[in-house]
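Engineer:
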Amino acid sequence: TGNFTILKPSISNYFGVVEVCRLFKEASIESETAKLMMDALTISYFTHDSDNLRYILGKAPIGVINFWGGEPARTYVSKLVSENPNHPRLLINGPLTGVAVIDGSYADENTAENLALNMVLYDQQLCSSPTRAIFIGGWRDANKFAEKVGVALNRIGKEYPSSTNESSIYTLQSVRRILQLSGSTVYASNEAENMWTLIVSKGESALENVVESFPTFNIYNRRRFIEIIVIEGYNQLYQLVDELPINEAYSGVDKVQTVGLALPDDKVEEVSEKLTSYGVYRIVPIQDMSIRSALEPYDGVNLASFFTNTIYLRKKPIGW
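First residue of the sequence shown: 351, per this note's numbering; consecutive thereafter.
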């Protein structure tokens, strides 16, 4: 398709991009393959109203455009690409999120540690980061598990200090109080560099009504925050996964991408099969929610198919 790769990363990922490029540069000294990859990559930073960006999307002779993001940028990019006379292929990766599912019989320190680590890594901003947890078991066991997660967050969070401004702290404290008054149990830290929050709710999410009062407390601004919804059996699990994108607390999210499981072996296959019917296409052990292996398909599709054409050659006539 005339491959030419242009990467327009977020400024928040700048240092990560620099590190990747440094490794490419070092590898290209001895590897012809790495050199080819380096030569095929142009990294550019544009403002959203950049004339150069508009040219690349709307007029440049390129074969494929892969856009990551939500509204309103998604619609803006799609419109520009549709006007490109070269008709590039457009692959959009919209906002997705992750859900952790824990069976009460697996609610040990190891599972708590894995959930806490995935909450801290990448500030819960990956498409696979757990932003909701579902606990299958009793209310008391769920709270005991939350206490274990809190212990792990205290330790892990200190290893990865974060910063929170005064306005965000005020909003977070207000949300915590309202959720507590609504009947949920709140576990939290008030350390400025590690302000984690665990909400334990019975049967359904209590977060939606709170976000309606505090719209800035959306999924993009929540950090080290998760609601653990306690249910007695497996049947309600699928409804809680399915309804997440229409929950006001998850406004802007297309659907659940990843479900991290901590379940008995005899339940994994059954749950996995049912989850796929709700659009979930990445199901992994809870500890692997933020880890992508080289063998995984690219967000449910074969990325190479966008950059190549399937060639069909037949030398003999069919013989009608």
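Glycine is no exception: its CB is placed at the ideal position from the N, C-alpha and C atoms.
#1: What separation, rounded to the nearest whole angstrom, lies between the Cα atoms of D324 and I415?
#2: Quick check on P480: does DSSP put it in helix, strand or coil?
#3: Assuming the contact rule is C-beta atoms closer than 8 angstroms, S513 and E541 should be a hit. Round their C-beta distance to whole Å, please.
#4: Taking only the alpha-carbon atoms, compute the straight-line gap between T566 and L386 and give it to the nearest angstrom.
#5: Applying the criterion that 16 or more other CB atoms from any shown protein chain within 10 Å of the CB defines a buried residue, is R372 buried or exposed?
#6: Considering only residues of the same chain and omitting the five flanking positions on each side of R439, which have a CB-CB separation below 6 angstroms?
#7: Check whether the region 454-464 and the region 498-508 are in contact - that is, three or more C-beta pairs closer than 8 angstroms.
#8: Could you spell out where the beta strand (DSSP E) holding A450 opens and where it closes?
#9: Three-state secondary structure (DSSP) at A492?
#10: Look at the Cβ atom of L645, then the Cβ atom of V451, and state whether they are nearer than 8 angstroms.
#11: Based on the DSSP output, what are the partners of N416 in its beta bridges?
#12: Is it right to say F575 is buried, meaning 16 or more other beta carbons lie within 10 angstroms of its own, or is it exposed?
#13: Among V470, L531, E516, whose alpha-carbon lies nearest the alpha-carbon of I506?
#14: N468: buried (16+ other C-beta within 10 angstroms of its C-beta) or exposed?
#15: Can you say whether L594 is buried or exposed, counting buried as having 16 or more other CB atoms within 10 angstroms of its CB?
#16: By the three-class DSSP mapping on this structure, what secondary structure does T547 have?
#17: Compare the beta carbon distance of G610 and V580 with 8 angstroms and say whether it is the shorter of the two.
#18: Could you tell me the alpha carbon to alpha carbon distance between Y537 and L548, rounded to whole angstroms?
#19: Near L590, which residues of its chain fall below 7 angstroms by C-beta distance, leaving aside the five closest residues on each side in sequence?
#20: Assign K665 to one of three DSSP states: helix, strand, or coil.
#21: Could you give the distance in angstroms between the alpha-carbon of K666 and the alpha-carbon of N659?
#22: Closest by CA to A423, which one among D638, K375, N443?
#23: Quick check on DSSP: helix, strand or coil for E463?
#24: Counting pairs of Cβ atoms below 8 angstroms between the region 516-526 and the region 612-622, do you hit three or more?
#25: What residues are listed by DSSP as bridge partners for A538?
#26: With DSSP collapsed to three states, give me the class of A410.
#27: Pick helix, strand or coil for P595, following the three-state DSSP scheme.
#28: Just to confirm the assignment, what range does the alpha helix (DSSP H) spanning R527 have?
#29: Taking only the alpha-carbon atoms, compute the straight-line gap between T608 and I633 and give it to the nearest angstrom.
#30: Use the C-beta contact count for R664: other C-beta atoms within 10 angstroms, 16 or more gives buried, fewer gives exposed.
#31: Is the Cβ-Cβ distance between K605 and L446 less than 8 angstroms?
#32: I'd like to know whether the C-beta atoms of V560 and N493 end up nearer to each other than 8 angstroms.
#33: Please list, in chain order, all residues of the same chain as P635 whose beta carbon is under 7 angstroms from its beta carbon, the five residues on each side excluded.
Structural biologist: Well, looking at it:
#1: Given a span of 351 to 670 for the chain in the structure shown, any question on residue 324 remains unanswerable.
#2: As a first step, residue 480 must be located in the sequence shown, where it is residue number 130. Strand, per DSSP.
#3: Counting from one through the sequence shown, the residue named residue 513 turns up at place 163. Counting from one through the sequence shown, the residue named residue 541 turns up at place 191. Not really, about 12 angstroms apart at Cβ, beyond 8 angstroms.
#4: Sequence index remark: in the sequence shown, residue 566 carries index 216 (1-based). Sequence index remark: in the sequence shown, residue 386 carries index 36 (1-based). Cα to Cα, T566 sits roughly 44 angstroms from L386.
#5: As a first step, residue 372 must be located in the sequence shown, where it is residue number 22. By the 10 Å Cβ count, R372 comes out exposed.
#6: For the purposes of this step, residue 439 is taken as residue 89 along the sequence shown, with counting starting at 1. So the list reads V414, F656, once near-sequence residues are dropped.
#7: yes
#8: Locating residue 450 in the sequence shown gives position 100, where the first residue counts as 1. 446-453 is the extent of the beta strand (DSSP E) around A450.
#9: Position 142 of the sequence shown, counting from 1, holds the residue named residue 492. A492: helix per DSSP, three-state reduction.
#10: As a working mapping, residue 645 is identified with position 295 in the sequence shown. As a working mapping, residue 451 is identified with position 101 in the sequence shown. In this structure, V451 does not lie closer than 8 angstroms to L645 by Cβ.
#11: In the sequence shown, residue 416 corresponds to position 66, counting from 1. N416 pairs with L441.
#12: In the sequence shown, the residue the question calls residue 575 occupies position 225. Its Cβ being crowded by 16 or more others within 10 Å, F575 is buried.
#13: Taking the sequence shown and counting its residues from 1, one reaches residue 506 at position 156. It is V470 whose Cα lies nearest to the Cα of I506.
#14: Position 118 of the sequence shown holds residue 468. Buried is the call here.
#15: Mapped onto the sequence shown, residue 594 falls at position 244. By the neighbour-count rule (16 or more Cβ atoms within 10 Å), L594 is buried.
#16: To locate residue 547, count along the sequence shown from 1; it is residue 197. T547: strand per DSSP, three-state reduction.
#17: On the sequence shown, position 260 is the one that residue 610 refers to. On the sequence shown, position 230 is the one that residue 580 refers to. No.
#18: What you label residue 537 is simply residue 187 of the sequence shown in a count that begins at 1. What you label residue 548 is simply residue 198 of the sequence shown in a count that begins at 1. C-alpha separation (whole angstroms): 5 angstroms.
#19: Taking the sequence shown and counting its residues from 1, one reaches residue 590 at position 240. Closer than 7 angstroms at the Cβ level, and outside the excluded window around L590, lie I484, I579.
#20: Within the sequence shown, numbered from 1, the residue matching residue 665 stands at position 315. Of the three classes helix, strand and coil, the one that applies to K665 here is coil, per DSSP.
#21: Working through the sequence shown from its first residue, we reach residue 666 at position 316. Working through the sequence shown from its first residue, we reach residue 659 at position 309. Between K666 and N659, the C-alpha separation is close to 22 angstroms.
#22: Against the sequence shown, residue 423 aligns to sequence position 73. Checked all of D638, K375, N443; the closest Cα to A423 is N443.
#23: Your numbering for residue 463 matches position 113 in the sequence shown. Three-state result, E463: helix.
#24: no
#25: Reading the sequence shown from its first residue, position 188 is the one you call residue 538. Answer is T547.
#26: The residue given as residue 410 occupies position 60 in the sequence shown. Three-state DSSP puts A410 in coil, outside helix and strand.
#27: Counting from 1 along the sequence shown, the entry for residue 595 is found at position 245. P595 falls in the helix class under three-state DSSP.
#28: Numbered from its first residue, the sequence shown carries residue 527 at position 177. From DSSP, the alpha helix (DSSP H) with R527 extends over 516-531.
#29: Here residue 608 refers to the residue found at position 258 when the sequence shown is read from its first residue. Here residue 633 refers to the residue found at position 283 when the sequence shown is read from its first residue. Spanning the two alpha carbons is a distance of roughly 6 angstroms.
#30: Stepping through the sequence shown from its first residue, residue 664 is reached at position 314. Classification for R664: exposed.
#31: Locating residue 605 in the sequence shown gives position 255, counting from the first residue. Locating residue 446 in the sequence shown gives position 96, counting from the first residue. Result yes, Cβ atoms of K605 and L446 sit closer than 8 angstroms.
#32: Residue numbering aside, residue 560 sits at position 210 when the sequence shown is read from its first letter. Residue numbering aside, residue 493 sits at position 143 when the sequence shown is read from its first letter. Going by C-beta atoms, V560 is not nearer than 8 angstroms to N493.
#33: For the purposes of this step, residue 635 is taken as the residue at position 285 of the sequence shown. So the list reads G610, L611, once near-sequence residues are dropped.
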